[in-house]
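**Student:** Submitted below is the structure of interest, expressed as structure tokens.
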Amino acid sequence: MGKNEYQTGPRHGAARNGAGSSRRQGQSTARHGTGSRGTGASRPRREPLQDNYYYEEPPRGWQEGDSFQDISSYSSPAKRRADQRAMEEERAASRRRSSGRQSREISSGRPQKKRASWGKRIALTCLALVVLLGAGVVYLFGSLLSGLTMTTITSDPDALGIQTGVQSDPKIINVALFGLDAREEGETSRSDVVMILTVDKRHHTLKLTSILRDSEVYIDGYGWDKITHAYAYGGPELAIRTINQNFNLDIQDYVSVDFYQMADIVDAFGGVDMDLTAEEAAALNENLWNLEQETPGTVAYGDYIPSTDGTVQLVYGEYQAGTYHLTGNAAVAYARIRYIDSDDVRASRQQKVLSALLYQLKKKNIFQYPSLIRKVSSLCETSLDVGNMLGMAPILLGGLKLETLSIPGEEEQAYGAYLDSGAWVYEYDLTAASQHINRFIYEEESPYYTGAE
């Protein structure tokens, strides 16, 4: 109770005897009674009580709102000390409650800054590190790709021939790969190699779909023609549009490289090991010799496959089947073999060269990647940006598997025909081919999926 109440309030005995009970009024209990101080007394007035308590003035430090119990007289010293401790604890609790009320009053009038929890601090620190690390990776990757020729093509789906309702999947990325037959730098060229690279994050697989260069397709503005001509007519945009329109795909980016650059890429990987038949070894050497006639000084003696006597015999040489380590020039010459069998076997050789490069990549350690990326990036042209390439990096550099498909195959029942110009082409059911490619790329997500092939 307050100081005024203390000075005029009921005596402890009165409180115990009925109507003025301090227990009912929320004041001190009978055990810790209240009283009043006499007026004009030279010292505190002492008044005996039933339980040996008597009243004195409040102790030093007493404030308005403090409770006060007189414990000046006890029948037991131990009891006095116990009550003293209890009283001190109650005072301390009262001060803490008062301090809390003041803090809340200040907080209600003026917003107080809350200290961030350690959990939040750690989370913010981790976020900052991730952002910095991500920025560093992008910067590093960007510097490694500084020599890459990066182009911009339209992002308009209609302009790229992407049809309404075409199947797509955010975990499956399709990129067009073009191998150009340019003989000189800057020359407008056909795409001697037409492939679709599928980065399948859903199945952790790389997929290569080869479309034979002599496939007859419809090219906007040019009518029915060989697919290899689309790149020469309108560059990568028309080539992508032609693939999307004829095979109902959602390709939006490309990578192109000419055959001279492809040789340098193979050399950057350290060459490739290939299994050759005796006939392929002879045809490879013939292609190397033709390349040397076109661009003297390009081919070195070590590019040729030695004949059985250890020499290079282009006319009378005899060769044997076996595994050979091919240089860049030799690998390109191998990929261009076509007259000893057929164009679809030629496409298979191209896939084998890319597969051999991936095998070489797996054998390299992570410290060899920067130098390799720097060498290869300067030899390619692409519409992919750094963010796209970073997104594909984990599967390209990880423990991946490679699957391949060539179109047309047996399913498409292709046959040879001649255009009005006299050019020989493959004709086949493009709808069946589209469904075959869709099934190969999207697997169980494809409406044409019939089970593992």
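Each residue of the sequence shown is one higher than the last, beginning at 663 in my numbering. Idealized CB from N, CA, C, for every residue including glycine. Bear in mind the structure is a predicted one, so any value in this text is a computation, not a measurement.
#1: Since I believe Y884 is in contact with I902 (beta carbons under 8 angstroms), could you give me their beta-carbon distance rounded to a whole number of angstroms?
#2: Hey, out of A997, Q829, Y1110, Q1013, whose CA is closest to G942's CA?
#3: Please identify the residue among T973, I967, G990, D854 whose C-alpha is closest to the C-alpha of G984.
#4: Contact between the segment 870–882 and the segment 1082–1092 is defined here as three or more beta-carbon pairs at a separation below 8 angstroms; is this criterion met?
#5: Please list, in chain order, all residues of the same chain as T860 whose beta carbon is under 6 angstroms from its beta carbon, the five residues on each side excluded.
#6: Counting only the same chain and skipping the five closest in sequence on each side, list residues whose C-beta sits under 8 angstroms from that of T989.
#7: Run through the DSSP bridge pairs and tell me what E1065 is partnered with.
#8: Tell me the start and end of each unbroken alpha helix (DSSP H) in the segment 881–917 that is at least 4 residues and wholly inside, in chain order.
#9: Alpha helix (DSSP H) containing I927: first to last residue?
#10: Let me check one thing: in DSSP terms, what residues is W1086 bridge-paired to?
#11: Report yes or no: do the segment 1093–1109 and the segment 826–842 share at least 3 C-beta pairs separated by less than 8 angstroms?
#12: Is it buried or exposed for E899, if we count other Cβ within 10 angstroms and need 16 for buried?
#13: Taking the alpha-carbon positions, what's the A1095 to R1101 distance?
#14: Spatial neighbours of Y895 within its chain, please: CB distance less than 7 angstroms, with the 5 preceding and 5 following residues excluded, ordered by chain position.
#15: So if DSSP puts F840 in a beta bridge, which residue, or which two residues, is it bridged to?
#16: Rounded to a whole number of angstroms, what is the C-alpha to C-alpha distance between G1078 and S1004?
#17: Run through DSSP, which three-state label would V861 get?
#18: How is F803 classed by DSSP in three states: helix, strand or coil?
#19: Could you check the C-alpha separation between H1098 and Y978 for me, to the nearest Å?
#20: Give the single residue among D820, Q1030, R852, Q1022 whose Cα lies nearest to the Cα of F921.
#21: Can you give me the Cβ contacts of A821 inside the same chain, cut-off strictly under 8 angstroms, excluding the 5 residues immediately before and after it?
#22: Specify, as a first and last residue, the run of the alpha helix (DSSP H) that L1023 falls within.
#23: Please report how far the alpha carbon of E1073 lies from the alpha carbon of G972, in whole angstroms.
#24: Could you check if P1029 is buried or exposed, using at least 16 other CB atoms within 10 Å of its CB as the buried criterion?
#25: With DSSP as the reference, label Q689 as helix, strand or coil.
#26: Would you report the Cα separation of Y893 and E956, rounded to the nearest angstrom?
#27: Does the Cβ-Cβ distance between A995 and L946 come in under 8 angstroms?
#28: Given a threshold of 16 other Cβ atoms within 10 Å of its Cβ, counted over all protein chains shown, does Q914 qualify as buried or as exposed?
#29: Can you find the residues in the same chain that come closer than 6 angstroms, C-beta to C-beta, to G1113, ignoring five residues on each side of it along the sequence?
#30: Under a Cβ-count criterion, where at least 16 other Cβ atoms within 10 Å of its own Cβ denotes burial, should L976 be classed as buried or exposed?
**Tutor:** Looking at the coordinates:
#1: With 8 angstroms as the limit, I902 and Y884 do not qualify as a contact, their Cβ atoms being about 15 angstroms apart.
#2: In the sequence on display, residue 942 carries Glu and not Gly. E942 has its Cα closest to that of A997, out of A997, Q829, Y1110, Q1013.
#3: I967
#4: Judged by Cβ distances under 8 angstroms, the segment 870–882 makes contact with the segment 1082–1092, as three or more pairs qualify.
#5: The beta carbon of T860 sits closer than 6 angstroms to those of N836, K869, I1103, all from its chain and outside the five residues before and after it, given in chain order.
#6: A925, V928, D929, G933, A962, G964, D965
#7: K869
#8: Counting only runs of 4 or more, we get 891–909.
#9: From DSSP, the alpha helix (DSSP H) with I927 extends over 921–930.
#10: Y1080
#11: yes
#12: Per the 10 Å Cβ criterion, buried.
#13: 10 angstroms
#14: I881, Y884
#15: DSSP lists V856, S918 as partners of F840.
#16: 12 angstroms
#17: Here V861 sits in strand by DSSP.
#18: With a pLDDT of 44 at F803, under the threshold of 50, the modelled position of that residue is not reliable, and no figure is offered here.
#19: 44 angstroms
#20: R852
#21: Excluding sequence neighbours, A821 sits near E899, R903.
#22: 1005–1025
#23: 44 angstroms
#24: One point to set straight first is that residue 1029 is Phe, not Pro, in the sequence displayed. F1029 is exposed by the Cβ-count criterion.
#25: Caution is warranted here: a pLDDT of 39 is assigned to Q689, below 50, making its placement in the model unreliable, and the coordinate value is therefore given only provisionally. It is coil, neither helix nor strand.
#26: 23 angstroms
#27: yes
#28: Classified as buried, Q914 has 16 or more neighbouring CB atoms from the shown chains inside 10 Å of its CB.
#29: none
#30: exposed
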